Amino acid sequence: MNASGIDTVTPLLEEYGALTRAAMDAYLPKREPRAYLYDPLADYPTRGGKMMRPALCIATACAFGAAPDRAAKAAAAIEMLHNALLIHDDIEDESEERRGKPTLHMLHGTPIALNAGDALAMLSLRPMLDNARMLPPPVALNLLHDMERMARFSAEGQAMELGWRANPDVSVTRNDYLQMVLKKTCWLAAIFPCRVGAMLGKANGGQVTQDAFIRFGYFFGAAFQIHDDVLNLKGGKVYGKESCGDLWEAKRTLMLIDIAGQLTGTDKARFDRFMAQPREERDQADVEWLLARMQDSGAIDRAFTFSQSMAGAAIHEFGRLFEAVPDSRDKTFIRDLVTWTFRRDH
Amino acid sequence: MTQTRLRRPVPERTTPKRGVLGAFGQKEWGQNGQIAPEWGAQPTGHPLGLGGAETDTPFDFLDDQVREAAQVVDLHIQGEAADQPDTGLWGALSAGYGGLSGADLSALATQVTRTYADVAAQWVDLAGTLKDYLTRAAAAPAPAAPQGAHHAAPALSLRAACPVEVRIEMFRPAMALSAQPLGSDDPAQPARITEVSVTHNRLCISVPHDQPPGTYYGLLIEDGQGPAGVVTLDVLAEGSI
């Protein structure tokens with residue numbers, strides 16, 4: 001809900017989510033080999049995610065004067081690529097649950113899941129190319145350039161995180177974390193969808209500067225990711241991934257970076273030992289201890305407060321970015337999506 | 001059918017629009033590039049109570065942590081700019097577009113080889129027209145365009161029974177070109193212009209007499225090197241000249 005108490009986000013998430021699913025369905029093959037490729041490939045996209053990324057793309061296009069249909073294929077491409085990366089993330093993170101069900105590699109084994117993820121990533125190019133075809137060639141090339149740019153940054157961000165996990169003794173600062181989030185999360189979650197939407201917009205002739213939406217998408221995406229990290233520690237099964245999965249994985253979150261700088265003596269030794277262990281050797285007592293230390297020290301509260309500040313910066317950037325854009329439900333949706341982040345519990 | 005040659009002024013190069021707002025074609029919404037008052041700053045009204053768009057300096061209202069966090073994204077943007085020019089395909093395309101990804105699309109206009117035809121259903125050789133144009137263009141090189149890029153433009157032979165405009169935009173010098181069929185920019189329009197070819201550096205286009213009005217695009221491909229230019233052909237409605 002916005003300041004007026006009206007939910008401006010959910011209706012458009014549902015409307016644009018349905019539009020994206022319909023577009024996506026046309027690009028998910030229904031032919032053989034089904035059992036070992038196309039059925040697993042279509043699993044995550046049909047599990048019912050939040051559809052925030054495609055909705056952001058369509059809403060931005062609409063805010064810039066396009067009809068929702070004009071951006072549907074690009075939105076489908078974004079959602080397909082997102083799901084492809086989730087398949088790979090789940091393998092790399094050794095996650096067991098995704099959106100309340102077993103992860104794809106738990107259901108089918110890593111080789112089949114890996115191949116399905118590869119295929120889904122490649123398939124995501126098709127709707128994007130089809131959408132790009134309706135643009136003037138210079139804008140279409142710029143759009144495809146941006147897709148390559150986004151994919152490269154996503155891989156770089158993931159590499160940073162995987163590198164930290166492979167080297168548990170390396171010191172990670174908050175700015176290191178934010179740089180990782182900017183690349184791994186913000187580009188695909190917010191920057192790219194907004195940029196593509198603006199390129200598909202009619203009112204601006206598809207013209208988008210090299211750095212447009214990066215600051216807005218960074219603050220928004222970081223707020224979203226940090227809040228996601230906080231939710232992961234809330235416990236219970238309301239959250240799609242397994243509860244406290246980030247702690248089991250010793251994932252470098254703001255809370256972990258915070259607590260790492262505070263512990264001393266035997267606590268620090270226990271922490272270092274925990275970080276150095278492979279995931280399967282970590283025990284529940286250590287995870288519960290670490291969670292308690294984060295709660296007691298206020299690390300979780302500080303991270304939550306920081307994410308709110310980042311959301312505030314995102315809204316500030318929104319005000320500057322959309323100052324000249326006429327009012328519309330889509331413009332309102334984009335602004336309120338930032339604060340919607342803090343209302344979700346999944 | 002009119003024999004009047006359609007002439008339109010080549011768009012003037014405007015000053016680069018480096019600001020965020022400059023990217024969004026405000027001219028569409030305001031007069032003379034100004035933002036209409038009714039579309040001025042919108043109240044952000046966010047529930048976090050952290051200020052609004054009226055703040056002149058970004059993040060004045062935020063704490064040092066967010067100010068520090070902002071440096072991360074600023075360094076990211078600066079780092080990307082420092083990485084230019086990209087030596088890959090996209091970098092080459094961007095360079096050929098006169099800094100397209102550097103935000104100044106208006107530079108495109110300086111590289112356009114533009115000609116118009118409102119001709120009878122016969123082949124018309126426009127090479128002389130192009131040569132004259134290129135002579136003029138060479139006298140005023142585009143700042144963002146690589147020197148000599150216009151030399152790659154092929155001559156044009158056009159056959160059309162309806163008024164058309166043709167523009168050839170070259171990203172870079174190129175040899176051994178081939179041409180794609182021209183597709184409509186309207187996804188609902190399936191009609192294409194398929195008689196498009198390049199022979200001895202001469203682009204030949206034949207427009208069917210019943211081609212629906214609209215804008216059609218196709219890439220000029222350099223063998224083994226990828227896209228080198230774009231052909232844009234506008235089929236104008238009868239009586240539009």
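Protein chains in written order, with UniProt numbering: chain A, 1 to 346; chain B, 1 to 241. C-beta atoms are modelled at their ideal positions from N, C-alpha and C, and glycine is treated no differently. Since this is a predicted model, take the numbers as computed values, not measurements.
Rounded to the nearest angstrom, what separates residue i and residue j at their Cα positions?
i      : j      : result
A:V196 : A:L143 : 6 Å
A:I226 : A:S307 : 6 Å
A:M294 : A:T60  : 38 Å
B:G229 : B:M170 : 4 Å
B:G224 : B:L177 : 10 Å
A:D130 : A:A260 : 48 Å
A:R133 : B:D186 : 9 Å
B:G22  : A:E14  : Since pLDDT at B:G22 reaches only 31, below the 50 mark, its modelled position is unreliable, and no value is offered.
A:R53  : A:G217 : 11 Å
A:K268 : A:D25  : 51 Å
A:R335 : A:F318 : 7 Å
A:P168 : A:F322 : 42 Å
B:L220 : A:R320 : 39 Å
B:S106 : A:A140 : In this prediction, B:S106 scores a pLDDT of 27, lower than 50, which makes its location untrustworthy; the coordinate-derived value is nonetheless stated afterwards. Approximately 16 Å between the Cα atoms of the pair.
A:T305 : A:P326 : 32 Å
A:D330 : A:G206 : 17 Å
A:K234 : A:C244 : 7 Å
A:E79  : A:P45  : 8 Å
A:A155 : B:H200 : 44 Å
A:A113 : A:L125 : 19 Å
B:A161 : B:E238 : 10 Å
A:A105 : B:T215 : The sequence given here has His at residue 105 of chain A, not Ala. Whole-angstrom Cα-Cα distance: 48 Å.
B:P163 : B:H209 : 10 Å
A:G298 : B:S184 : 59 Å
A:I87  : A:D286 : 28 Å
B:R167 : B:I205 : 12 Å
B:R202 : A:L135 : 26 Å
A:A190 : A:G157 : 15 Å
B:T115 : B:P173 : Summary for B:T115: the model assigns pLDDT 45, below 50, so the residue's position carries little reliability; its value from the coordinates is reported in the next sentence. If I take the Cα positions, the gap works out to 19 Å.
B:A81  : A:D296 : 43 Å
Restricting to Cα atoms, I'd like to know which of the options is closest to residue i.
i      : options                        : result
B:G218 : B:V196, B:P154, B:D64, B:A70   : B:V196
B:T232 : A:E161, A:Y218, A:A250, A:P137 : A:P137
A:W164 : A:E92, A:V325, A:D146, A:A203  : A:E92
A:F333 : A:T46, A:Y27, A:E32, A:A55     : A:A55
B:M175 : B:R192, B:P154, B:A191         : B:P154
B:Q78  : A:L114, A:D286, A:R215         : A:R215
B:H76  : A:K101, A:A63, A:F153          : A:F153
A:M180 : B:V73, B:V66, B:D64, B:E68     : B:V73
A:Q210 : A:A198, A:A76, A:A203          : A:A198
B:G226 : B:T194, B:P213, B:L203, B:A179 : B:A179
A:L67  : A:A285, A:T264, A:D246, A:L200 : Per the sequence presented here, residue 67 of chain A reads as Ala, with Leu not at that position. Among A:A285, A:T264, A:D246, A:L200, the Cα nearest to that of A:A67 belongs to A:L200.
B:A69  : A:K50, A:P111, A:G221, A:N204  : A:G221
A:K50  : A:D89, A:Q284, A:F224          : A:F224
A:G65  : A:N204, A:Q284, A:E281, A:T339 : A:N204
A:A292 : A:Q277, A:E281, A:A276, A:F271 : A:F271
A:A119 : A:Q284, A:E96, A:R34, A:N175   : A:R34
A:A166 : A:A250, A:P11, A:D89           : A:A250
Just to confirm, is the Cβ distance from residue i to residue j under 9 Å?
i                      : j      : result
A:R279                 : A:W248 : yes
A:Y36                  : A:P29  : no
A:R99                  : A:G17  : no
A:M160                 : A:A74  : no
A:I300                 : A:Y177 : no
B:R159                 : B:V207 : yes
residue 383 of chain A : A:L123 : Here chain A comprises residues numbered 1 to 346, so residue 383 of chain A is not present and cannot be evaluated.
A:T20                  : A:I58  : yes
A:L231                 : A:V9   : no
A:R252                 : A:V172 : yes
B:P212                 : B:T194 : no
A:L41                  : A:A151 : no
A:R70                  : A:K202 : yes
B:Q65                  : A:S309 : yes
A:L107                 : A:D43  : yes
A:A72                  : A:A23  : yes
So residue i and residue j are supposed to be a Cβ contact under 8 Å. How far apart are they, rounded?
i      : j      : result
A:A311 : A:T266 : That pair is no contact at about 37 Å.
A:A314 : A:F219 : 4 Å
A:T76  : A:Y27  : According to the sequence shown, residue 76 of chain A is Ala rather than Thr. 6 Å between Cβ atoms; contact.
A:D228 : A:L254 : Actually they are not in contact, since the Cβ atoms of A:D228 and A:L254 sit about 11 Å apart, beyond 8 Å.
A:F192 : A:D146 : 6 Å
*Residues in the stretch 153-186 of chain A with C-beta within 7 Å of chain B's C-beta atoms, listed in sequence order?*
N175, L178, Q179, L182
*Give, in chain order, every residue of the stretch 204-219 of chain B whose Cβ lies closer than 9 Å to some Cβ of chain A.*
T215, Y217, G218, L219
*Name the residues in the stretch 281-312 of chain A whose C-beta lies less than 7 Å from a C-beta of chain B; which are they?*
F306, Q308, S309, M310, A311, G312
_Near-chain A residues of the stretch 185-203 of chain B (beta-carbon distance less than 9 Å), N- to C-terminal order_ = D185, D186, P187
*Can you give me, in chain order, the residues of the stretch 203-218 of chain A that have a beta carbon less than 7 Å from any beta carbon in chain B?*
A203, N204, G205, Q207, V208, T209, Q210, D211, A212, I214, R215, Y218
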